[in-house]
Structure formats: C-alpha cells, structure tokens
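What follows is one structure encoded as structure tokens, with my remarks underneath.
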Amino acid sequence: MFTGTTWMQEIVWLLLHDADFSTAASSPVYMRSPFLEFKDETLNEVGLDIAESMLSPRVIKTHLQKKLMPDQLFQKNPKVVVLFRNPKDVCCSYYNFYKSSSSFGDFQGDWPQFLEMFLEGHAVIVVVVVVVVVVVVVVVVVVVVVVVVVVVIVVVEVVVVVVVVVVVTAAALVLETVVQLYVVVMLVAVELFICI
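Read left to right, the sequence shown gives residues -24 to -1, 1 to 172 (mature numbering (1 follows the signal peptide of the UniProt record, and there is no 0)).
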C-alpha cells in the first residue's frame, strides 16, 4: 500500500541516491528508509536497529512528535520533511494498515471500533519523515528556473540568427544592386568616351 508517507520516503531516498531505481526496486522501502519506532516480532525487525546500522546520510521515517524526537535531531540540524494528510484519508488508510501489521498487536476490530479509537486519539494523524537532503520543493524550483533560462537563451539565439540572416541578405542585395549600377554607369561612360 503506497500512501503519502511511503511515496515521500521513496522520493526523498531517490533524490539522495541519484535516482537509483534498480537499488530501490531490489530493497524494500522500510530497509532503505526505516520506520524509527517500528517493531515487528514476526519479521524480527526493529526500525531503530535498522536506522542505527545505516551509514549517513540516512532517510528515517517516524510518527513521533517533536518533543519525543532524539536530542541529536536538534544538535545535528538535519533536514526534516513534515507530511500532513487529510484526516479522513489517514483514518481509512491507517485502518487497513493497522489490521494487516503485527506491529500493532492483533487488532481484530471492525471499522466502527477503529474509527472510535482513532477519534479518541489512539492513532497517529501526523506523519514526520526525517531526512538529510534538501527539501523536494527547492529541487523543483531549481529545475524550473534552469529550464526557463535555457528556453530564454535558445529564443535569444534564434532571434539573433534570424536578424543576422536578414541583415546579411539585405546587405548582399544592396551590394549587388550597387555593383550592377556601377557596371551600367561604367558601360555608359565607356560608350560616351568612345562616341566623343
């Protein structure tokens, strides 16, 4: 299931790793961008252990509030991407995830039970992904600026080439006319000289 958080993890990880789609396809997102507080007894995976074993720079996902973040977050000053989703969408997506993951225990309730639990605050609404890369928006703005500059340069070059061609063509026509007039004047002058 890919929703806002998973897509953001993939995008940030790919930006950090020069769009290496082959590595991304061969390794699950939770191993490349671990969920910090995730612990799955069945799979024997702990997000904190995975994160600690990774080399920097790392992409780490968490649902923790700012006050619960590790102190290093404020000392090392990494980039942080905060992802907010529509609460209705979060609730539906989270319900399916909650039922399918052993990391939340063995929830066997139905939708009304989960909705009540969600509304009472027993489910996460805000998802925080901790990253060590420039925010995606900055990259998009830079790309747009570069494209605009390139287009302007190309347009200016085309205009300059057209102006040069028109000026050279006009100059050539004027020169040809002047040469033809000169030849005619010289022929007339020669005839006049011969007649005299």
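Every residue gets a Cβ at the ideal spot worked out from N, C-alpha and C, and that includes glycine.
Backbone secondary structure at L59 - three-state DSSP = As a position in the sequence shown, residue 59 is number 83, starting the count at 1. Here DSSP, grouped into helix, strand and coil, assigns L59 to strand.
Please work out which residues of its chain come closer than 6 Å, Cβ to Cβ, to F90, disregarding the five sequence neighbours upstream and downstream, and give them in chain order.
-> Locating residue 90 in the sequence shown gives position 114, where the first residue counts as 1. Correct list, in chain order: Y71.
With a CB to CB cut of under 6 Å and the five nearest residues on each side skipped, what residues in its chain are close to K37?
-> Walking along the sequence shown from the start, residue 37 turns up at place 61. Closer than 6 Å at Cβ, skipping near neighbours: Q(-16), S9, F11 and V105.
For E21, the residue or residues it bridges with in DSSP = Residue 21 sits at position 45 when you count from the first residue of the sequence shown. According to the DSSP secondary-structure assignment, E21 is paired through a beta bridge with D16.
Can you round the beta-carbon distance between V22 and K15 to whole angstroms, since I take them to be within the 8 Å contact cut?
-> Indexing the sequence shown from 1 puts residue 22 at position 46. Indexing the sequence shown from 1 puts residue 15 at position 39. Right, the Cβ-Cβ distance comes to about 5 Å (below 8 Å), so this counts as a contact.
CA-CA distance, T(-19) and V144?
-> Counting from 1 along the sequence shown, the entry for residue -19 is found at position 6. Counting from 1 along the sequence shown, the entry for residue 144 is found at position 168. The straight-line gap from Cα to Cα measures roughly 60 Å.
Does DSSP put F11 in a helix, in a strand, or in coil?
-> Position 35 of the sequence shown, counted from the first residue, corresponds to residue 11. Of the three classes helix, strand and coil, the one that applies to F11 here is strand, per DSSP.
So with Cβ pairs under 9 Å, would you call G23 a contact of chain C?
-> The structure shown contains no chain C; it is built from a single protein chain.
Separation of I129 from V139, as counted between CA atoms = Residue numbering aside, residue 139 sits at position 163 when the sequence shown is read from its first letter. Residue numbering aside, residue 129 sits at position 153 when the sequence shown is read from its first letter. Using only the alpha carbons, I get a separation of about 15 Å.
How many Å lie between V160 and V166 at the Cα?
-> In the sequence shown, residue 160 corresponds to position 184, counting from 1. In the sequence shown, residue 166 corresponds to position 190, counting from 1. Those two C-alpha atoms are separated by around 10 Å.
Among the residues of its own chain, which have a CB less than 8 Å from the CB of D47, if the five just before and after it don't count?
-> In the sequence shown, residue 47 corresponds to position 71, counting from 1. Excluding sequence positions up to five before and after D47, its CB lies less than 8 Å from no other CB in the same chain.
Label V127 either buried or exposed according to how many other C-beta atoms from any shown protein chain fall within 10 Å of its C-beta, with 16 as the threshold for buried.
-> Start at 1 with the first residue of the sequence shown, and residue 127 comes out as number 151. Within a 10 Å sphere around the beta-carbon of V127 sit fewer than 16 other beta-carbons, which makes this residue exposed.
Near residue 204, what residues of its chain come up, given a Cβ to Cβ distance below 7 Å and the 5 sequence neighbours on each side ignored?
-> The question about residue 204 has no answer here: the residues shown for the chain are numbered -24 through 172.
Using three-state DSSP, classify V110 as helix, strand or coil.
-> In the sequence shown, counting from the first residue as 1, residue 110 sits at position 134. Confidence in V110 is poor, its pLDDT being 41 and thus under 50, which makes the residue's placement too unreliable to answer from.
Other residues of its chain near T153: CB distance less than 8 Å, five sequence neighbours each side excluded | Indexing the sequence shown from 1 puts residue 153 at position 177. Cβ contact annotation for T153 (same chain, cutoff 8 Å, sequence separation greater than five): none.
8 Å contact criterion, which H39 and E17 should meet: CB distance rounded | Taking the first residue of the sequence shown as 1, we reach residue 39 at position 63. Taking the first residue of the sequence shown as 1, we reach residue 17 at position 41. For H39 against E17, the beta-carbon gap comes to about 19 Å, at or over 8 Å, which does not count as contact.
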